[in-house]
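Using the working numbering, the letters of the sequence shown map in sequence onto residues 209 to 546.
Backbone N, C-alpha and C fix where the C-beta goes; we use that ideal spot for every residue, glycine too.
Given the structure is predicted, the values throughout are model-derived calculations rather than measurements.
Presented below is the structure to which this report refers.
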Amino acid sequence: MTRTTPPRPLDVEALFPELARHRGTTTRLHPRPGKPAVTDSSVGGPLLWPADEAWPVCTEPHDRSTGYRTADVRAARRDRGARQERRRLRDLPDDHPVPLIALAQLYRRDVPDLRPGPDGADLLQLFACPFDAHGDTGHGMSVHVHWRRSAAVAEAETVDPQPEPEVVGWPGYVPEPCVLHPEQVVTYPFAGCLPEELEERIDAWEEELEEEAESRTVVKPWTDLGPDGDYGDEIPEVPGYQYDLSIPPGWRAGGYASWHLTDPYPMDCRTCGTPTELLLTVDSREWDGTVSWRPVEDDGLPAYPHASPTEVVVGRWGQLNVFSCAADPAHPHRWSIQ
Ligand SMILES: [Zn+2]
Ligand SMILES: [Zn+2]
C-alpha cells in the first residue's frame, strides 16, 4: 500500500510568494512493519552486508554492561506483560567492541531525495551505538554512516544472522523491521533559516491567526466535564508554518532540517568547511499532535501505536538529523538531535 500525504491545510506560497525561491523536496520514507529483504530499502531490516566484511563496532570507552537485553526489548513489544528492565547484565571492559545496531538501509533507486554517496555508492547503511554515552557530554549518540555499491555484493553472500548487541542502553535503539513507502513532498526551510524579514512576517501572521482563534474559543461550562475527565476550553486548531506547512515529521531523506529544539547552528563540514546538506532524518514519530501530515491511508488510526511504527526513539521523543558534505560525500558526516 502506498502512503499519501494530504494536501497542506493552506497554500503558504499564496500568502508568502517569496517562499517559492526556497521551495524544496524531501522524501518521506513512511516505514511500516513488514518483512524486508536485504535487497529492500528498510528500517530495522537485514542489511546487504558481505559475510566476510567486519561489522562496525563501538570501542569508545563507556559502560556497555548495563541496560536492557535486546531479546527482552523485543519480547516486551510482542507481549506487553513481558519483563524489560534496566540492570547490569554483563561484565564487559569499557572498551569491549559492541556491534552497532543497524537502523536502516536506503537504496538510491528507491528514495528520490537521497543525496549521492561517494564513488558511485548507491546504498546508504545507517548504524548507531546502542548507548547514549558519547561526545563531550558523555551522554551523546554515536552515529555511523556506511556507503556501498550494491552491485558489488552478492545477495547469497550476506551476513546471516546479522550481528547485534546483546545489551542496549535504551529500548528505543532497537528498530522493528519495517518496509518503506517513499513519497516525495514539497518542503520549505525551518523558519529560523529564512531571511529575517520573511521570518518576522511569518511570525506576525501566526500570532494573528492564534489571536483570532482564541477569540473563537468556546469556554465549556463545568457541567460539560466528561466522565473521562476530559475538560477545558476548546481552542480551534490553526495551521502553523512550523508544524503544518514547512517540514514533515517522520523518517525522511533530503530537504531541510528542523531546529526546533536548539535553534539553528552552523553545520559545516569538519574536513573542508563546506556547508553540509541534510541526508536523512530519523524520527521518533511519523505524525502526532497535529495530524495534518498523517497519510490519508492512516486516516482515523490512533497515534498509539500507529505513529511510531519503527519503535526507534531518539532522545526524548525527538529526531536525529544526519548531514553530509555538499562538496564531497566521502567526508565524515555530522548530526544534530532535535
Ligand atoms: Zn558506544
Ligand atoms: Zn567536506
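Query, Result
"What is the DSSP secondary structure of Thr498, reduced to helix, strand or coil?", "strand"
"Spatial neighbours of Glu418 within its chain, please: CB distance less than 7 Å, with the 5 preceding and 5 following residues excluded, ordered by chain position.", "Val446"
"Is Ala329 near ligand 2 - that is, is its Cβ less than 7 Å away from at least one heavy atom of it?", "no"
"Could you spell out the range, first to last residue, of the alpha helix (DSSP H) harbouring Ala412?", "Glu404 to Ser423"
"Would you tell me roughly how many angstroms separate the C-alpha atoms of Ser466 and Pro457, rounded to the nearest one?", "9 Å"
"Got a sec? Which residues, its chain only, sit under 6 Å from Gly523 by beta carbon, not counting five neighbours each side?", "Ile545"
"Measuring CA to CA, which of Arg409, Pro264, Gly377 and Pro472 is closest to Val281?", "Gly377"
"Once you ignore the five residues that flank Pro217 on each side, which residues in its own chain have a CB closer than 7 Å to its CB?", "Pro447, Asp452 and Ser500"
"Checking the sheet assignment: what are the DSSP bridge partners for Asp491?", "Gln527"
"Assuming Pro472 and Cys401 make a contact with CB atoms under 8 Å, what is their CB distance in whole Å?", "5 Å"
"I'd like the span of the beta strand (DSSP E) that includes Pro220, first residue to last.", "The question names Pro, yet the displayed sequence has Val at residue 220. Per DSSP, Val220 belongs to no beta strand (DSSP E); it is in the alpha helix (DSSP H), Val220 to Leu223."
"Just tell me which of Ala515, Thr498, Pro517 and His541 has its CA closest to the CA of Gly481.", "His541"
"Mind checking who Phe335 pairs with in its DSSP beta bridge?", "Ala310 and His352"
"Do three or more CB pairs link the stretch 252 to 266 to the stretch 364 to 377 at distances below 8 Å?", "yes"
"Taking contact to mean 3 or more Cβ pairs, one atom from each stretch, closer than 8 Å, check whether the stretch 263 to 274 and the stretch 294 to 303 are in contact.", "yes"
"Going by C-alpha distance, which of Glu407, Arg356, Arg478 and Pro264 is nearest Cys337?", "Pro264"
"Exposed or buried, which one is Trp525 when buried takes at least 16 other CB atoms within 10 Å?", "exposed"
"If you pair each beta-carbon of the stretch 240 to 255 with each one of the stretch 314 to 324, do three or more pairs fall below 8 Å?", "yes"
"Please name the residue, chosen from Trp543, Val353 and Pro373, that lies closest to Pro305 on a Cα-to-Cα basis.", "Pro373"
"Identify which residue in His514, Asp476, Phe398 and Asp496 has its Cα closest to the Cα of Leu469.", "Phe398"
"For Thr395, list the residues DSSP reports as bridge partners.", "Gly232"
"Report back the beta-carbon spacing between Val504 and Thr212 to the nearest angstrom; my notes put them in contact at under 8 Å.", "5 Å"
"Out of Leu406, Leu227, Pro244 and Trp543, which one is the CA nearest neighbour of Pro474?", "Trp543"
"With DSSP run on the structure shown, which of helix, strand or coil describes Glu519?", "coil"
"Quickly, what does DSSP pair Ile545 with across the bridge? List them, please.", "Leu528"
"CB of His541 to nearest heavy atom of ligand 2: below 7 Å?", "no"
"Hey, would you say the C-beta of His270 is under 7 Å away from at least one heavy atom of ligand 1?", "yes"
"Using only alpha-carbon positions, find the residue among Trp355, Asp327 and Arg323 that is nearest to Ala534.", "Arg323"
"Over what stretch of residues does the alpha helix (DSSP H) that includes Thr278 continue unbroken?", "Thr278 to Arg286"
"Using only CA atoms, which one of Ser454, Ala511 and Val490 lies nearest to Ile410?", "Ser454"
"Do Gly275 and Val351 come within 8 Å of each other at the CB atom, strictly closer than that value?", "no"
"Which residues bound the alpha helix (DSSP H) around Tyr512?", "Ala511 to His514"
"If contacts are defined as beta-carbon pairs under 8 Å, then Ala461 and Leu488 qualify, I think. What distance do you get, rounded to the angstrom?", "5 Å"
"Would you list the one or two residues that DSSP bridges to Tyr315?", "Leu331"
"Would you check if the distance between the CB atom of Leu311 and the CB atom of Cys266 is smaller than 8 Å?", "no"
"What number of angstroms, rounded off, separates the C-alpha of Pro537 from the C-alpha of Gly325?", "6 Å"
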